[in-house]
Amino acid sequence: MTSLHSSPDQRAQLLAFISSRLEAFISGSKSKKVSARWDAPLIRDYARKLDLASGHHPEEVLDFIVEGLSEFAVHTPHPSYFGLFNPRSSYLSSLADYIVAVFNPQMAAWSHAPFANEIENYLVHEFGMKFGYPEENIDGTLSSGGAESNLTAVICALNDRVPDFKAKGLIGIEKQPVLYVSAESHHSVVKAASITGLGMDAVRSIAVGANQQIDIKALNEQIEKDKEAGFWPFLIVGTAGTTGSGAIDDLGSLSAIAKKEQMWFHVDAAYGGAITISEDHRKVLAGIELSDSITLDLHKWFSVPMGGSIFLTQHPSILVKSFRIKTQYMPTDGEGYRAVDPYESSIQWSRRFMGLKFFLPLAVIGWQGYEETINGQVAVGELLREKLLNHGWQISNSSSLPIICFTHPSLIEQPNLVSRVIDKITDSGEAWISMYPVNGLPTIRACITNYATTDQELEELIDSLEKARNWVLNN
Ligand SMILES: *Cc1c(COP(=O)(O)O)cnc(C)c1O
């Protein structure tokens with residue numbers, strides 16, 4: 042091929058070729074090491090191996106890419122990846138991403154991609170209902186990830202509270218605005234404070250209690266102190282499923298404080314929010330229905346490829362208030378169709394149809410199928426807790442989500458033993474786990490976000506842990 046044009050035969054051949062390579066990766070995902078120590082110069086050289094002045098045979102290039110991705114990546118689809126919410130994407134989701142790339146609908150203006158936009162609106166509505174927002178007030182937008190959704194929340198909070206924020210910016214605010222998160226919250230909120238010009242010092246990081254939830258008393262005290270010192274408290278961000286240990290803040294109490302102080306209440310449920318679709322477990326999110334907005338990632342617990350997140354709000358006019366900009370060159374007929382153009386109601390402009398990678402598997406397996414998947418992963422997490430306890434390990438956190446932080450009495454004496462056990466396992470490539478300090482003590486963190494993880498991988502993990510622990514204690 043010497044141009045961007047392709048023939049039907051070439052397309053069929055390339056698709057068959059890449060399909061077989063991808064199938065080898067998918068069905069062989071367990072035969073690969075989960076992770077390795079990287080030789081950076083070697084990988085850099087590999088990445089620059091192809092001379093780009095002239096072209097190469099497409100199959101040669103595809104093989105080069107497949108080899109690079111197979112050899113030089115932490116294999117998050119591996120069922121022994123007990124990692125940071127990076128899922129194994131379902132085949133239907135991956136297929137959706139390919140379909141989207143081929144049709145390439147432009148989401149920015151509703152009238153350019155009405156079907157795609159209405160699918161996303163449908164998802165926003167469905168999720169709003171799942172979270173208990175009143176049907177007539179549900180609004181939201183798809184975003185690239187939790188970081189963008191949290192940034193959207195900070196911007197909406199400012200625009201909601203400051204009448205002319207969009208025009209005047211922070212200069213128009215008399216008192217320095219401050220926002221409140223727990224010390225265990227995700228740092229994308231801090232980043233949002235720096236991006237919006239609030240400054241990172243505007244983030245009040247409130248201590249957590251022994252269960253890693255925000256300390257309500259400490260929060261109240263800090264708000265009082267700030268008001269006395271002339272600051273303006275405008276936003277509380279509660280976390281529903283902290284990245285470190287899966288803690289869920291007391292959302293009902295946070296909502297009450299926000300209401301009393303006339304602050305915006307956002308819930309960062311990037312990972313944990315998925316549990317709202319489970320009849321059995323959704324009670325752990327009690328109070329989330331009282332929030333002004335919610336961050337929910339699709340690319341975490343819903344097994345879709347990156348990136349996809351949803352920002353939800355029960356203030357139907359706030360997105361447009363925050364993001365509407367008038368131009369001469371954009372179609373402005375959205376309103377004529379009684380629809381909102383995403384470029385006027387979100388941070389992005391030209392944008393990918395991100396909703397399909399969740400809609401396609403959802404339409405095939407239904408909410409019921411997804412609910413069983415989520416419940417299944419919660420059960421696998423419970424099973425891991427049991428097995429660890431049976432083998433003499435101690436559980437250090439108390440999350441209702443499948444995130445387990447644990448240690449062993451024999452590892453508590455010396456501070457670096459836990460990280461040596463972790464390194465031993467991740468270096469071997471048998472599994473991927475990580476270190477997280479809980480109440481000041483280093484623990485091993487294992488999270489179930491992979492629908493392919495079963496009892497067998499748990500048994501293997503226990504074996505690896507025992508082997509690594511013995512090795513570390515004897516070396
Ligand atoms: C992952 C995560 C984020 C950031 O989301 P991205 O999708 O990585 O941008 C924010 N908050 C929480 C609680 C998270 O777990």
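Quick note on our numbering: the sequence shown kicks off at 42 and runs consecutively. By construction, the Cβ of each residue, glycine as well, lies at the ideal position given by its N, Cα and C atoms.
Legend entry - DSSP three-state assignment for residue 482, whether helix, strand or coil: In this structure, residue 482 counts as strand in the three-state DSSP scheme.
Legend entry - Local Cβ density within 10 Å of residue 310, reported as buried at 16 or more and exposed below that: Counting C-beta atoms within 10 angstroms of its own C-beta, residue 310 has 16 or more neighbours from the protein chains shown and is therefore classed as buried.
Legend entry - For residue 359, the nearest candidate out of 194, 403, 47, 170 (CA to CA): Taking residue 359 as reference, the option from 194, 403, 47, 170 with the minimal CA-CA separation is 194.
Inset, instruction - Return the CA-CA distance between residue 313 and residue 489, expressed in angstroms with no decimal places. - result: Looking at the two C-alpha atoms, the distance is approximately 12 Å.
Legend entry - Cβ neighbour criterion (16 or more within 10 Å) applied to residue 144: Residue 144 sits exposed, since fewer than 16 C-beta atoms from the chains shown fall within 10 Å of its C-beta.
Legend entry - Simplified DSSP assignment, three categories, for residue 494: Correct three-state label for residue 494: coil.
Inset, instruction - Starting from the N-terminal side, write out each stretch of the beta strand (DSSP E) that is 3 residues or longer and does not extend beyond the region 232-299. - result: Those beta strand (DSSP E) runs which fall completely within the region 232-299 and span 3+ residues are 244-247, 273-280.
Legend entry - Distance between residue 247 and residue 212 (C-alpha atoms, nearest Å): Between the alpha carbons of residue 212 and residue 247 lies a distance of about 27 Å.
Inset, instruction - Would you check whether ligand 1 has a heavy atom nearer than 7 Å to the C-beta of residue 307? - result: Ligand 1 never approaches residue 307 closely enough for any of its heavy atoms to be under 7 Å from the residue's Cβ.
Legend entry - 8 Å contact criterion, which residue 219 and residue 267 should meet: CB distance rounded: Right, their Cβ atoms sit about 6 Å apart.
Inset, instruction - To the nearest angstrom, report how far apart residue 107 and residue 347 are at their CA atoms. - result: Taking the straight line joining both Cα atoms gives about 18 Å.
Inset, instruction - Starting from the C-beta of residue 468, find all residues in its chain whose C-beta is less than 7 Å away, skip the five residues before and the five after it, and write them out in chain order. - result: Closer than 7 Å at Cβ, skipping near neighbours: 78.
Legend entry - 8 Å CB neighbourhood of residue 124 in its chain, flanking five on each side removed: So the qualifying residues of the chain are 115, 117, 473, 474, 475, 488, 490.
Legend entry - Buried or exposed (CB count within 10 angstroms, at least 16 for buried), residue 317: Residue 317 comes out buried.
Inset, instruction - Compute the beta-carbon to beta-carbon distance between residue 225 and residue 281, rounded to the nearest angstrom, for a pair I have assumed lies under 8 Å. - result: About 12 Å; that fails the 8 Å criterion.
Inset, instruction - Check whether the region 259-277 touches the region 161-175, taking contact to mean three or more Cβ pairs, one atom from each stretch, closer than 8 Å. - result: Short answer: they don't touch.
Inset, instruction - Report all residues from its chain with a CB closer than 6 Å to the CB of residue 328; omit the five preceding and five following residues, and keep chain order. - result: Closer than 6 Å at Cβ, skipping near neighbours: 292, 293, 296.
Legend entry - Residue from 397, 342, 332 with nearest C-alpha to residue 148: The candidate whose alpha carbon is nearest that of residue 148 is 397.
Legend entry - Under 8 Å between C-beta atoms of residue 364 and residue 386: Contact flag set, yes.
Legend entry - residue 179: first and last residue of the uninterrupted beta strand (DSSP E) it sits in: Boundaries for residue 179: no beta strand (DSSP E) harbours it, and the DSSP string shows neither H nor E there.
Legend entry - Segment limits, alpha helix (DSSP H) that includes residue 133: Here the alpha helix (DSSP H) through residue 133 covers 132-144.
Inset, instruction - Keeping to the same chain, check which residues put their C-beta closer than 7 Å to that of residue 325; ignore five residues upstream and five downstream. - result: 289, 316, 441, listed in sequence order.
Legend entry - At least three beta-carbon pairs within less than 8 Å, the region 132-142 to the region 330-349: The region 132-142 is in contact with the region 330-349.
Legend entry - Where residue 476 falls: helix, strand or coil (DSSP): Note: residue 476 maps to strand in three-state DSSP.
Legend entry - Beta-carbon proximity of residue 381 to residue 494, cut-off 8 Å: No, they are not a contact pair.
Inset, instruction - Assuming residue 111 contacts residue 58 (C-beta within less than 8 Å), just tell me the rounded distance between them. - result: That pair is no contact at about 15 Å.
Inset, instruction - Please report how far the alpha carbon of residue 339 lies from the alpha carbon of residue 350, in whole angstroms. - result: As the crow flies, the alpha-carbon of residue 339 is around 5 Å from that of residue 350.
Inset, instruction - Classify residue 222 as buried or exposed, calling it buried when 16 or more other Cβ atoms lie within 10 Å of its own Cβ. - result: By the neighbour-count definition (other C-beta atoms within 10 Å, threshold 16), residue 222 is a buried residue.
Inset, instruction - With DSSP as the reference, please indicate the residues paired to residue 354 in a beta bridge. - result: For residue 354, which the question treats as bridged, DSSP gives the partners 180, 334.
Legend entry - Beta carbon of residue 238 nearer than 8 Å to that of residue 210: Yes, Cβ-Cβ distance for residue 238 and residue 210 is below 8 Å.
Inset, instruction - May I ask you to report which of helix, strand or coil DSSP gives residue 193? - result: Three-state DSSP puts residue 193 in a helix.
Legend entry - Closest by C-alpha distance to residue 423, when choosing among 368, 499, 353: Measuring C-alpha to C-alpha distances from residue 423 to each of 368, 499, 353 identifies 499 as the nearest.
Inset, instruction - Output yes or no for whether 8 Å exceeds the beta carbon distance between residue 437 and residue 368. - result: Here residue 437 is not near residue 368, since their CB atoms are 8 Å or more apart.
Legend entry - Spatial neighbours of residue 462 in its chain, beta-carbon cut-off 6 Å, leaving aside the 5 residues before and after: Excluding residues within five positions, the ones whose Cβ falls inside 6 Å are 509, 510, 513.
Legend entry - Cα-Cα separation between residue 323 and residue 279, rounded to whole angstroms: Answer to the nearest angstrom: the Cα atoms are 16 Å apart.
Legend entry - Nearest neighbour of residue 183, chosen from 427, 197, 394 [CA to CA]: When C-alpha distances from residue 183 are compared across 427, 197, 394, the shortest belongs to 394.
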